[in-house]
Amino acid sequence: MKLNPVTEKFILHWGEMGAKWGVNRTVAQIHALLYIIGRPMPADEIVETLGVARSHVSNSIKELHNLQLVQTVHLLGDRRDHFSTCADIWTLFRTIVEVRQRREIEPTLHFLQELMNSPEFAQENDTAKQRISQTRDFIGTLTAWTNEMLRLPVPVMAKVLKLGAGIQKLLR
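Heads up: the sequence shown is residues 1 to 172, going by full-length UniProt numbering.
In structure tokens, the structure reads:
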């Protein structure tokens, strides 16, 4: 499949941003392709379109499944697996936040609490204890806020996030 120039630029940029976010470039490019094309695609078509090795596509699809960003779908009359992603950017955002919180934030919060509960913590200098405690409190507050946002239906969450600076004006 030949991509239009704008679509190609979008996919390339998404791949570069993915690398900055700690996601393999090919993983991000495949996700961008599925998102921008807006229809399920088989692995061989992804290979052809992006010009990457079949093994990279296979491994990237596995990672996208682990990140809950792609689903395997089957089309009538076609025995191949096809892959799709959610078309709603707000739902994608929610999924990314949920997965990253579960994989990265919650283990850090748990680690910091265990560190503070350890007998060695009492022997640490006051500055280190204060900073570890402040970090745990900050991550705990951020996690609690994020959990509240994730409980909201997508349309409500979108409205709350769009309020942005408006909330700051309200609090003054």
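All residues carry an ideal CB built from backbone N, CA and C; glycine is no exception.
Mind reading off the beta-carbon distance from Asp50 to Val27? Whole number of angstroms is fine, and I expect it under 8 Å. Per the sequence shown, the amino acid found at residue 50 is Leu instead of Asp. Incorrect: roughly 11 Å between the Cβ atoms, too far for contact.
Determine which residues share a DSSP beta bridge with Phe83 and list them. Met41 and Thr72
Take the Cβ of Phe83 as the centre, count every other Cβ of all protein chains shown within 10 Å, and call the residue buried at 16 or more, exposed below. buried
Give a yes or no on contact between the stretch 28 to 37 and the stretch 13 to 20, applying the rule of three or more CB pairs nearer than 8 Å. yes
Tell me whether Ser60 is buried or exposed, calling it buried when 16 or more other Cβ atoms sit within 10 Å of its Cβ. buried
Let me check understanding here. Comparing Cα to Cα, which of Ile36, Pro42, Val23 and Arg100 lies closest to Arg79? Pro42
Please classify Gly18 as buried or exposed, where buried requires at least 16 neighbouring CB atoms within 10 angstroms. buried
Report the three-state DSSP secondary structure of Ala53 (helix, strand or coil). coil
Pick out whichever of Leu115, Asn125, Arg100 and Gln123 has its Cα sitting closest to the Cα of Val23. Arg100
When you compare only the Cα positions, how much space is there between Thr72 and Ile132? 42 Å
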